[in-house]
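Undergrad: With the numbering used here applied, the sequence shown closes on residue 282, and no number is skipped along the way. Each residue gets a CB set at the ideal place from its N, CA and C atoms; glycine is no exception. Before I ask anything, here is the structure I am working with.
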Amino acid sequence: MLVAAAVATVLALSGCGGSSSASSSTAENPYGLIEPGTVRVASLGDSKPYTFTDGSGNFTGFDVELFKDVAKRAGVDNVVFTGQDFSGLLAAVANGQFDVGVAAIGITDKRKQTVDFSNGYLAGYLTVITTKTSGITDAEGLSGKRLGVVQGTLQEAYAVKNFTSASLVRFPDNNTAVSAVNSGSVDAHFLDYEAAKSYQEQFGLVSAADIPSFDAPAGFAIAKGKTELKEALDKGLAEAMEDGTWKTLYQKWFPGSPMPQQYLPKAEQAAATPTPAK
Ligand code: SNW
5 MLVAAAVATV LALSGCGGSS SASSSTAENP YGLIEPGTVR VASLGDSKPY TFTDGSGNFT
65 GFDVELFKDV AKRAGVDNVV FTGQDFSGLL AAVANGQFDV GVAAIGITDK RKQTVDFSNG
125 YLAGYLTVIT TKTSGITDAE GLSGKRLGVV QGTLQEAYAV KNFTSASLVR FPDNNTAVSA
185 VNSGSVDAHF LDYEAAKSYQ EQFGLVSAAD IPSFDAPAGF AIAKGKTELK EALDKGLAEA
245 MEDGTWKTLY QKWFPGSPMP QQYLPKAEQA AATPTPAK
């Protein structure tokens with residue numbers, strides 16, 4: 005026992021202790037990952053088609069595939085996703101439980117007080133869904149109604165500010181909120197456009213309002229001060245946009261949706277911009 009302890013001490017002091025993360029040098033762990041060579045991602049299991057788990061429990065979706073592609077470009081092939089409640093996601097990244105947060109997380113000044121973000125990679129709408137028989141057909145129709153929001157989302161903040169005559173009901177996740185719509189315990193749920201579309205198809209629900217959220221494009225959340233990781237992700241993202249990978253994934257996961265021009269290869273953006281009249 006004593007000998008083993010003495011040997012361990014010598015190894016630790018001489019820096020030959022092997023793989024403990026405390027002894028990882030910048031060279032072997034340039035991005036400051038929790039475990040060198042692996043990026044641990046906090047995500048959501050029920051935000052289809054952004055991030056969700058398939059029948060075998062594997063994470064997939066637009067954000068998942070895009071992030072894996074970007075991580076690979078940064079030299080990290082091993083990406084491990086874990087489902088979290090949205091409300092705890094940014095704190096879990098900030099306090100070092102995860103390396104990155106990936107879940108259609110809109111970049112806002114408020115959130116930047118907690119974490120840093122990569123550059124943006126998605127800009128879309130926030131959508132109210134309801135049943136065919138609720139009678140709610142626009143935002144005004146929410147007056148006096150029970151509206152679901154997931155805690156900590158931009159939808160919650162928007163509803164608090166703008167849907168002041170609705171009764172907000174806070175849920176931990178989308179599945180629980182949509183179940184409440186289906187059972188009639190709330191009248192509508194407010195979530196991201198593509199997830200709304202997916203639940204509409206699954207349960208025969210309808211959209212009552214789309215609110216633009218272009219000022220808060222989604223980004224990858226990173227703990228503050230991880231400059232090397234942020235730079236590598238930004239570089240990988242720019243490459244994925246320029247070589248058409250972003251566009252391919254967008255068309256795969258969001259077929260028929262309006263395509264934001266700013267993430268397309270530069271040549272295609274230029275082609276899409278009308279020539280100004282002289
Ligand atoms: O702000 C939008 C963005 O423009 C894009 O449409 C993707 O979704 C958003 O980032 C908003 N997402 C919500 C949020 O950031 C909800 C995230 C979630 O439910 N996973 O709070």
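Shorter than 7 angstroms, the distance from the beta carbon of Gly110 to the closest heavy atom of the ligand SNW, or not?
TA: By one-based count along the sequence shown, residue 110 stands at place 106. The nearest non-hydrogen atom of the ligand SNW is less than 7 angstroms from the C-beta of Gly110.
Undergrad: Considering only C-alpha positions, which residue in the set Phe224, Gly87, Gln266, Ala271 is nearest to Asp73?
TA: Taking the first residue of the sequence shown as 1, we reach residue 73 at position 69. Here the closest residue by C-alpha is Phe224.
Undergrad: Quick check on this structure: which residue in Ser91, Ala127, Ala244, Tyr254 has the alpha carbon closest to the alpha carbon of Leu48?
TA: Within the sequence shown, residue 48 is the residue found at index 44, counting from 1. That would be Ser91, whose Cα lies nearest to the Cα of Leu48.
Undergrad: So is Gly188 buried or exposed if we call it buried at 16+ other beta carbons inside 10 Å?
TA: Your numbering for residue 188 matches position 184 in the sequence shown. Exposed, by the Cβ-count rule.
Undergrad: Between the stretch 125 to 143 and the stretch 78 to 98, are three or more C-beta pairs nearer than 8 angstroms?
TA: no
Undergrad: Evaluate contact between the stretch 236 to 249 and the stretch 264 to 276, counting only Cβ atoms and requiring at least three cross-stretch pairs below 8 angstroms.
TA: yes
Undergrad: Any chance the CB of Ser51 is under 7 angstroms from a heavy atom of the ligand SNW?
TA: Position 47 of the sequence shown, counted from the first residue, corresponds to residue 51. The answer is yes for Ser51.
Undergrad: What is the residue span of the alpha helix (DSSP H) that Arg77 lies within?
TA: Here residue 77 refers to the residue found at position 73 of the sequence shown. Arg77 -> alpha helix (DSSP H) spans 66 to 77.
Undergrad: Residues in the same chain with beta-carbon distance under 8 angstroms from Ser169, minus the five sequence neighbours each way, listed in chain order, please.
TA: Mapped onto the sequence shown, residue 169 falls at position 165. Cβ within range, chain order: Leu146, Ser147, Gly148.
Undergrad: Per the DSSP calculation, Leu172 is bridged to which residue(s)?
TA: Reading the sequence shown from its first residue, position 168 is the one you call residue 172. Bridge partners of Leu172: Leu151.
Undergrad: Could you tell me the distance, in whole angstroms, from the CA atom of Tyr54 to the CA atom of Glu32?
TA: As a working note, residue 54 is residue 50 in the sequence shown. As a working note, residue 32 is residue 28 in the sequence shown. Distance between the alpha carbons of Tyr54 and Glu32: 32 angstroms.
Undergrad: Apart from the five residues on each side of it in sequence, which residues of its chain come closer than 6 angstroms, Cβ to Cβ, to Leu233?
TA: The count along the sequence shown starts at 1 and reaches residue 233 at position 229. If the five residues before and after Leu233 are omitted, its C-beta is found closer than 6 angstroms to the C-beta atoms of Tyr35, Ile226, all from its own chain and listed in chain order.
Undergrad: Closest by CA to Val291, which one among Leu195, Val68, Val190?
TA: Residue numbering for the chain in the displayed model covers 5 to 282; residue 291 lies beyond these limits and cannot be assessed.
Undergrad: For Thr134 and Leu151, what's the separation of their Cα atoms in angstroms?
TA: Mapped onto the sequence shown, residue 134 falls at position 130. Mapped onto the sequence shown, residue 151 falls at position 147. C-alpha separation (whole angstroms): 9 angstroms.
Undergrad: Are the beta-carbon atoms of Asp120 and Lys228 separated by less than 8 angstroms?
TA: Position 116 of the sequence shown, counted from the first residue, corresponds to residue 120. Position 224 of the sequence shown, counted from the first residue, corresponds to residue 228. Result yes, Cβ atoms of Asp120 and Lys228 sit closer than 8 angstroms.
Undergrad: Just verifying my parser: in three-state terms, what is the DSSP assignment at Ser202?
TA: As a working mapping, residue 202 is identified with position 198 in the sequence shown. The answer is helix: DSSP assigns Ser202 an H, G or I state.
Undergrad: Counting pairs of Cβ atoms below 8 angstroms between the stretch 159 to 167 and the stretch 248 to 264, do you hit three or more?
TA: no
Undergrad: Determine whether the beta carbon atoms of Gly110 and Pro221 lie at a separation below 8 angstroms.
TA: To locate residue 110, count along the sequence shown from 1; it is residue 106. To locate residue 221, count along the sequence shown from 1; it is residue 217. Yes; because the gap between Cβ atoms is below 8 angstroms, this pair is in contact.
Undergrad: Specify the secondary structure class of Tyr129 as computed by DSSP and reduced to three states.
TA: Your numbering for residue 129 matches position 125 in the sequence shown. Annotated three-state conformation of Tyr129 is strand, per DSSP.
Undergrad: Is it buried or exposed, Asn287, if we count other Cβ atoms within 10 angstroms and call 16 or more buried?
TA: Because the chain in this structure spans residues 5 to 282, residue 287 falls outside the shown range and cannot be described.
Undergrad: Report yes if the CB atom of Tyr197 is closer than 8 angstroms to the CB atom of Thr112, and no otherwise.
TA: Start at 1 with the first residue of the sequence shown, and residue 197 comes out as number 193. Start at 1 with the first residue of the sequence shown, and residue 112 comes out as number 108. In this structure, Thr112 does not lie closer than 8 angstroms to Tyr197 by Cβ.
Undergrad: Roughly how many whole angstroms lie between the Cα atoms of Leu37 and Phe102?
TA: By one-based count along the sequence shown, residue 37 stands at place 33. By one-based count along the sequence shown, residue 102 stands at place 98. Approximately 9 angstroms, taken between the alpha carbons.
Undergrad: Where does Asp50 land, buried or exposed, given buried means 16+ other C-beta within 10 angstroms?
TA: On the sequence shown, residue 50 is found 46 positions in, with the first residue counted as 1. It is buried - the Cβ of Asp50 has at least 16 other Cβ atoms within 10 Å.
Undergrad: Is Gly208 close to the ligand SNW? I mean its beta-carbon at under 7 angstroms from any heavy atom of the ligand.
TA: Numbered from 1 along the sequence shown, position 204 holds the residue referred to as residue 208. Outside the cutoff, so no.
Undergrad: For Gln273, which option in Trp257, Pro259, Lys251, Phe258 has the closest C-alpha, if you only look at C-alpha atoms?
TA: To locate residue 273, count along the sequence shown from 1; it is residue 269. If you compare the alpha carbons of Trp257, Pro259, Lys251, Phe258 with that of Gln273, the shortest gap goes to Lys251.
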